[in-house]
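Novice: One structure coming up, written as structure tokens, with questions to follow.
Protein chains: 2
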Amino acid sequence: MSTESRIRCPKLRQRIMSARDAAALIPSGVNVGMSGFTGAGYPKAVPGALAEHIRAAQARDENFRISVWTGASTAPELDGALAEVNGIQMRLPYQSDPLCRQKINDGHMEYMDIHLSHVAQHAWSGFYGKLDIAVIEVVGVTEDGRLIPSSSVGNNKTWIDQADKVILEVNHGQSAGLEGMHDIYYGTALPPRRKPIPLTRPEERFGEKYLICPPEKIIAVVETNAPDRNSRFSPPDENSQRIANHLLDFFSREVEAKRLPPELLPLQSGVGNIANAVMAGLNEGPFNNMTAFTEVLQDGMLAMLKSGKLAKASATAFSLSPEANEELANNIDFYRDRIVLRSQEISNHPEVIRRLGVIALNGMIEADIYGNVNSTHVMASRIMNGIGGSGDFARNGYLSVFMTPSTAKGGTISTIVPMVSHVDHTEHDVQIVVTEQGLADLRGLPPRQRALNIIENCAHPDFRPQLRDYFERACNSKRGMHTPHLLNEALSWHHRYEAFGQM
Amino acid sequence: MSTESRIRCPKLRQRIMSARDAAALIPSGVNVGMSGFTGAGYPKAVPGALAEHIRAAQARDENFRISVWTGASTAPELDGALAEVNGIQMRLPYQSDPLCRQKINDGHMEYMDIHLSHVAQHAWSGFYGKLDIAVIEVVGVTEDGRLIPSSSVGNNKTWIDQADKVILEVNHGQSAGLEGMHDIYYGTALPPRRKPIPLTRPEERFGEKYLICPPEKIIAVVETNAPDRNSRFSPPDENSQRIANHLLDFFSREVEAKRLPPELLPLQSGVGNIANAVMAGLNEGPFNNMTAFTEVLQDGMLAMLKSGKLAKASATAFSLSPEANEELANNIDFYRDRIVLRSQEISNHPEVIRRLGVIALNGMIEADIYGNVNSTHVMASRIMNGIGGSGDFARNGYLSVFMTPSTAKGGTISTIVPMVSHVDHTEHDVQIVVTEQGLADLRGLPPRQRALNIIENCAHPDFRPQLRDYFERACNSKRGMHTPHLLNEALSWHHRYEAFGQM
Numbered sequence: 001m002s003t004e005s006r007i008r009c010p011k012l013r014q015r016i017m018s019a020r021d022a023a024a025l026i027p028s029g030v031n032v033g034m035s036g037f038t039g040a041g042y043p044k045a046v047p048g049a050l051a052e053h054i055r056a057a058q059a060r061d062e063n064f065r066i067s068v069w070t071g072a073s074t075a076p077e078l079d080g081a082l083a084e085v086n087g088i089q090m091r092l093p094y095q096s097d098p099l100c101r102q103k104i105n106d107g108h109m110e111y112m113d114i115h116l117s118h119v120a121q122h123a124w125s126g127f128y129g130k131l132d133i134a135v136i137e138v139v140g141v142t143e144d145g146r147l148i149p150s151s152s153v154g155n156n157k158t159w160i161d162q163a164d165k166v167i168l169e170v171n172h173g174q175s176a177g178l179e180g181m182h183d184i185y186y187g188t189a190l191p192p193r194r195k196p197i198p199l200t201r202p203e204e205r206f207g208e209k210y211l212i213c214p215p216e217k218i219i220a221v222v223e224t225n226a227p228d229r230n231s232r233f234s235p236p237d238e239n240s241q242r243i244a245n246h247l248l249d250f251f252s253r254e255v256e257a258k259r260l261p262p263e264l265l266p267l268q269s270g271v272g273n274i275a276n277a278v279m280a281g282l283n284e285g286p287f288n289n290m291t292a293f294t295e296v297l298q299d300g301m302l303a304m305l306k307s308g309k310l311a312k313a314s315a316t317a318f319s320l321s322p323e324a325n326e327e328l329a330n331n332i333d334f335y336r337d338r339i340v341l342r343s344q345e346i347s348n349h350p351e352v353i354r355r356l357g358v359i360a361l362n363g364m365i366e367a368d369i370y371g372n373v374n375s376t377h378v379m380a381s382r383i384m385n386g387i388g389g390s391g392d393f394a395r396n397g398y399l400s401v402f403m404t405p406s407t408a409k410g411g412t413i414s415t416i417v418p419m420v421s422h423v424d425h426t427e428h429d430v431q432i433v434v435t436e437q438g439l440a441d442l443r444g445l446p447p448r449q450r451a452l453n454i455i456e457n458c459a460h461p462d463f464r465p466q467l468r469d470y471f472e473r474a475c476n477s478k479r480g481m482h483t484p485h486l487l488n489e490a491l492s493w494h495h496r497y498e499a500f501g502q503m
Numbered sequence: 001m002s003t004e005s006r007i008r009c010p011k012l013r014q015r016i017m018s019a020r021d022a023a024a025l026i027p028s029g030v031n032v033g034m035s036g037f038t039g040a041g042y043p044k045a046v047p048g049a050l051a052e053h054i055r056a057a058q059a060r061d062e063n064f065r066i067s068v069w070t071g072a073s074t075a076p077e078l079d080g081a082l083a084e085v086n087g088i089q090m091r092l093p094y095q096s097d098p099l100c101r102q103k104i105n106d107g108h109m110e111y112m113d114i115h116l117s118h119v120a121q122h123a124w125s126g127f128y129g130k131l132d133i134a135v136i137e138v139v140g141v142t143e144d145g146r147l148i149p150s151s152s153v154g155n156n157k158t159w160i161d162q163a164d165k166v167i168l169e170v171n172h173g174q175s176a177g178l179e180g181m182h183d184i185y186y187g188t189a190l191p192p193r194r195k196p197i198p199l200t201r202p203e204e205r206f207g208e209k210y211l212i213c214p215p216e217k218i219i220a221v222v223e224t225n226a227p228d229r230n231s232r233f234s235p236p237d238e239n240s241q242r243i244a245n246h247l248l249d250f251f252s253r254e255v256e257a258k259r260l261p262p263e264l265l266p267l268q269s270g271v272g273n274i275a276n277a278v279m280a281g282l283n284e285g286p287f288n289n290m291t292a293f294t295e296v297l298q299d300g301m302l303a304m305l306k307s308g309k310l311a312k313a314s315a316t317a318f319s320l321s322p323e324a325n326e327e328l329a330n331n332i333d334f335y336r337d338r339i340v341l342r343s344q345e346i347s348n349h350p351e352v353i354r355r356l357g358v359i360a361l362n363g364m365i366e367a368d369i370y371g372n373v374n375s376t377h378v379m380a381s382r383i384m385n386g387i388g389g390s391g392d393f394a395r396n397g398y399l400s401v402f403m404t405p406s407t408a409k410g411g412t413i414s415t416i417v418p419m420v421s422h423v424d425h426t427e428h429d430v431q432i433v434v435t436e437q438g439l440a441d442l443r444g445l446p447p448r449q450r451a452l453n454i455i456e457n458c459a460h461p462d463f464r465p466q467l468r469d470y471f472e473r474a475c476n477s478k479r480g481m482h483t484p485h486l487l488n489e490a491l492s493w494h495h496r497y498e499a500f501g502q503m
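So the protein lines, in turn, are chains A and B.
Reading the first sequence from the start, the letters are residues 1 to 503 in full-length UniProt numbering.
Reading the second sequence from the start, the letters are residues 1 to 503 in full-length UniProt numbering.
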């Protein structure tokens, strides 16, 4: 495709430059808002060029670091490249890059983990300081200078609004057919001027198809031609399939009991192999005319749209395998009729999640016997990725489900523990816990009944005797029978794993 | 006042009976939804008569227990009386009764702690089982059988809707002038049929002044004449005043920085002496034309309405001293123009709290150095009261503030600890921590910076060296620098207190 066809606004064609020249416009010490959500729609060229720039500055003994705000996770070309040169002072609100993770856990990078629905309003309110520059990937620019969003929306609207200067990456590698798939709502405001968000069905559109940016803000336009991260999914393993089966059985029972309608309620699904297995199960299952109101569309949901099981889907980003991405591009008109991509302040908004009655399906690192969930920290201290949108959906959804295999690291770790080493979702927000062993339905249960239910249904049989023993001794200790714990043993499983390699 | 003036519907006058006869209509094993929120508007006579009934059954060796669902806390006449005879199988969603607390912590009563905004929808969805009977205090009944709500609304609408049978208590002791103060919204629904809640200002009315109940459901009407719990507040002590001052200074700085408007944003305030001190401070402070969107109106907010500092207030219940209650009754027309009492599904609704941008002010038991907050559990296991609405407001508000004196039990307990023994509000939901020592503004800070901020600003000087020592050793342990912890020491402060009476 030609430059003219993608950058239809002549004025902006005058600002085309190399990634290297654009990166040189970013000084040290600034806060930079970048596009990108679950490895989709992130800038492909400027971050790498900036990393080179930083490396050169460091060779001159200059300290050069920036803070990077995104939608969610990006890719090696962004987080990886900047982390490698120690170029990131502060990162928010979510990341999943291995190199970033290492830098954060080694203490060489600051990281703030934030509910994804909170980010736009906090930034707008100035809680994170001033946003200086935005670097945003788009599919193209219209004649009148409106921006065609890319494979993720994330916080792009907010970054463009808040930044003094904007650098655009126009990615020729993204399907031009994405134009028209987005719905960018410009009706949010700071209190006391907020109005109801007019969304009552997942597929409703009430915004603009384009991102709006005053052209004078745009200091550079960089052309790229590169795919998104597009990582391949493993085929569902046995544990994932078992988890999916437990969940499908549960849904069937809920429909039978008339606690869920036959088409279920709008689905939110976290990212990963278990989530994809659940979607594969739903694609084979008895439910029809389903909808999704979620953050991320993975392969599983794309297949469900294709089969017709899923009627409509709303998200803020794609996260596809190369094959699924090709399927999307080849049938973009079909999918554009069925998919709406929104800003993450809407995709994750408590108001609309609560109103729609979303079924929240999220993975976790570990749960404790009382149903508190750790989604972010390994052994209390090391961050894995971040809370992402799991809190937005778990707290406000109609049903809140957390899933994990019952063991990790070859069976040396039990993901059901006496006390989680970090809490991201409190007992109040966790209704259903599922492992390959079974499903614990915690609705209406007080803590000790939750414990029995989780131990007997979800824990791996190898760890059940130990868990029962802890729980019984905690009950017998008479320290307090509401949530019985042994203070000097509650975290001993984690401690034991670190000391001896086995919980 | 006469029976005729309070029970204007002739049909319902025929169902007047004694509390004893009404209580006899409640069989063992049922789920009973009772009115009552923060010691206001709870039934005064039937629970005590039921307790007598239970005692008699127990004397005949019959097992007689019920489950009690309320709005929030009640009083000795309800929770106390039923707990005393071990008459409660299961209690939800909140309580603060000393005897209940003891029974729960001794393992003789089950208790489920629930976000107050979740209760109505969970009950409606059948997550807690079937509601059999509702026992609701009202101020009176209109000619056509509509019910005039009392000094709290709580979950009354939901209990009346969901229960098969309803017992009314008409309390002659409640001011007849409460009529017209309430706004009962009948527009909520289960998904997928939910619509936006049409509230954009705290004082807006969009519902009914009355509770609606099909007369055939009403199996008994009991007349009472008794005051609410109406507990006296202590005058603000030095620590409460210091906390209030830190907070007022913070608000002034935020207004100056234009992160808050001059009239602030709608205030939510938890219950208790610190909350009352903050309101007293605001009543003397520089802010005018404030509003409140809160659960409970205490003496402090009533005084602010009187002075004109507070223009309008929305809540679901009063919680007043005897003097303030008299002030309310004597000037009920003045207050009716300024106060709206709503169902707790609206007063605590994430949608409207987020839209209004509420400033959430809540107390806590302890916070850890990373800003996780424990609102409910003493030393991990013993429940104090419950999470109440603190999660609804902290998660969805514009600003989330948690307050506590820096020490408890004569200085033997530090309320700032390495790791909280129970998490109700995760780091993501805690922006401002205040003690009498100072205020920690955690917005935009990653975990280690939060720790330094909390230790140096909020911890008591007697405990700062120990906290710094823990934090430094955790950092040096290199177990993970995102949230440095020592697994075998994280809960040692609580353990030490239990073993030696001193953290």
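A virtual CB, placed ideally from N, CA and C, is assigned to each residue, including glycine.
Work out the CA separation of A:Arg496 and B:His349 for me, nearest whole Å.
Specialist: Each residue's Cα considered, the two are about 43 angstroms apart.
Novice: Roughly how many angstroms separate the alpha carbons of A:Gly102 and A:Ile416, rounded to a whole number?
Specialist: This sequence places Gln at residue 102 of chain A; Gly is not what is there. A:Gln102 and A:Ile416: Cα-Cα distance of roughly 26 angstroms.
Novice: Pick out the complete beta strand (DSSP E) segments inside the segment 17-98 of chain A, 3 residues or longer, and give them in chain order.
Specialist: 31-34, 66-69, 88-92
Novice: Does the count of Cβ pairs from the segment 150-169 of chain A and the segment 117-134 of chain A closer than 8 angstroms reach three?
Specialist: yes
Novice: Can you give the beta carbon distance from B:Ser406 to B:Ala490, rounded, assuming they're within the 8 angstroms contact cut?
Specialist: At roughly 20 angstroms, the Cβ-Cβ gap does not stay under 8 angstroms, so B:Ser406 and B:Ala490 are not in contact.
Novice: If the criterion is Cβ atoms closer than 9 angstroms, does the pair A:Ser240 and A:Leu361 meet it?
Specialist: no
Novice: By the 10 Å Cβ neighbour count, where 16 or more other Cβ atoms means buried, how is A:Asn374 classified, buried or exposed?
Specialist: buried
Novice: How big is the Cα-Cα spacing for B:Phe251 and B:Asn105?
Specialist: 39 angstroms
Novice: Rounded to whole angstroms, how far is the Cβ of A:Gly281 from the Cβ of A:Leu248, which I believe are closer than 8 angstroms?
Specialist: 5 angstroms
Novice: When burial is assigned at 16 or more other CB atoms within 10 Å of the CB, is B:Lys11 buried or exposed?
Specialist: With a threshold of 16 other beta carbon atoms within 10 Å, B:Lys11 falls short and is exposed.
Novice: How is the alpha helix (DSSP H) around A:Ser234 delimited, first residue to last?
Specialist: Note, A:Ser234: premise wrong, no alpha helix (DSSP H); not H, not E.
Novice: Would A:Arg201 pass as an interface residue toward chain B - the criterion being a Cβ-Cβ separation below 9 angstroms?
Specialist: yes
Novice: Spell out the partners DSSP gives A:Met403 in its beta bridges.
Specialist: A:Gly363, A:Val434
Novice: Does the segment 43-56 of chain A touch the segment 310-325 of chain A, meaning 3 or more C-beta pairs lie closer than 8 angstroms?
Specialist: Of all C-beta pairs linking the segment 310-325 of chain A to the segment 43-56 of chain A, fewer than three are shorter than 8 angstroms, placing the two stretches out of contact.
Novice: Measure the C-alpha to C-alpha separation of B:Thr49 and B:Asn63 and round it to an integer number of angstroms.
Specialist: A small fix is needed here, since residue 49 of chain B is Ala in this sequence, not Thr. Each residue's Cα considered, the two are about 17 angstroms apart.
Novice: With a 10 Å radius around its C-beta and 16 neighbouring C-beta atoms as the bar for buried, classify A:Thr412 as buried or exposed.
Specialist: exposed
Novice: For A:Leu491, which residues in chain B fall below 7 angstroms Cβ to Cβ?
Specialist: Leu487, Ala490, Leu491
Novice: Sort out for me which residues DSSP pairs A:Arg342 with in a bridge.
Specialist: A:Asp183
Novice: List, in chain order, every chain A residue whose beta-carbon is nearer than 9 angstroms to that of B:Tyr398.
Specialist: Gln121, Ser125, Leu190, Pro191
Novice: Under 7 angstroms between beta-carbons, which chain A residues line up against B:Ile387? List them in chain order, please.
Specialist: His428
Novice: Just to confirm before moving on: does the CB-CB distance between A:Ser400 and A:Val430 stay below 9 angstroms?
Specialist: Yes, the pair counts as a contact, with Cβ atoms nearer than the cut-off.
Novice: With a threshold of 9 angstroms between beta carbons, is B:Pro236 in contact with chain A?
Specialist: Not closer than 9 angstroms to any Cβ of chain A, the Cβ of B:Pro236 fails to qualify, so no.
Novice: Looking at chain A, is there any beta carbon in it that lies within less than 9 angstroms of the beta carbon of residue 505 of chain B?
Specialist: Because chain B here runs from 1 to 503, residue 505 of chain B falls outside it and cannot be looked at.
Novice: B:Ile88 and B:Thr188: beta carbons closer than 9 angstroms?
Specialist: no
Novice: If you measure beta-carbon to beta-carbon, which residues of the segment 222-253 of chain B are closer than 8 angstroms to chain A?
Specialist: none
Novice: According to a CB-to-CB cut-off of less than 9 angstroms, which residues of the segment 126-157 of chain A neighbour chain B?
Specialist: Gly126, Phe127, Tyr128, Gly129
Novice: When you compare each of B:Gly33, B:Val296, B:Asp469 to B:Ala163 by their alpha carbons, which one comes out closest?
Specialist: Here the closest residue by C-alpha is B:Gly33.
Novice: Okay, do the segment 474-493 of chain A and the segment 377-385 of chain B touch, 3+ Cβ pairs below 8 angstroms being the bar?
Specialist: Contact holds between the segment 474-493 of chain A and the segment 377-385 of chain B, because three or more Cβ pairs, one in each stretch, are under 8 angstroms apart.
Novice: With burial defined as no fewer than 16 other Cβ atoms inside 10 Å of the residue's Cβ, what is the status of B:Glu351: buried or exposed?
Specialist: buried
Novice: For A:Phe233, I'd like the list of residues in its chain whose CB is within less than 8 angstroms of its CB, leaving aside the five on either flank, ordered along the chain.
Specialist: Asn273, Asn276, Gln298, Asp299, Ser321
Novice: B:Gly107 touches chain A at which residues, Cβ-Cβ below 7 angstroms?
Specialist: Met481, listed in chain order.
Novice: Tell whether a beta-carbon distance below 9 angstroms holds between B:Met109 and B:Ala83.
Specialist: Result yes, Cβ atoms of B:Met109 and B:Ala83 sit closer than 9 angstroms.
Novice: Nearest CA to the CA of B:Ala51: which residue from B:Ala19, B:Trp69, B:Lys217, B:Ser35?
Specialist: B:Ala19
Novice: Starting from A:Leu452, trace the alpha helix (DSSP H) in both directions and tell me its first and last residue.
Specialist: 447-458
Novice: What three-state label does DSSP hand B:Phe318 in the structure shown?
Specialist: Looking at B:Phe318 - three-state DSSP - the assignment turns out to be strand.
Novice: Compare the beta carbon distance of B:Arg468 and B:Ile455 with 9 angstroms and say whether it is the shorter of the two.
Specialist: yes
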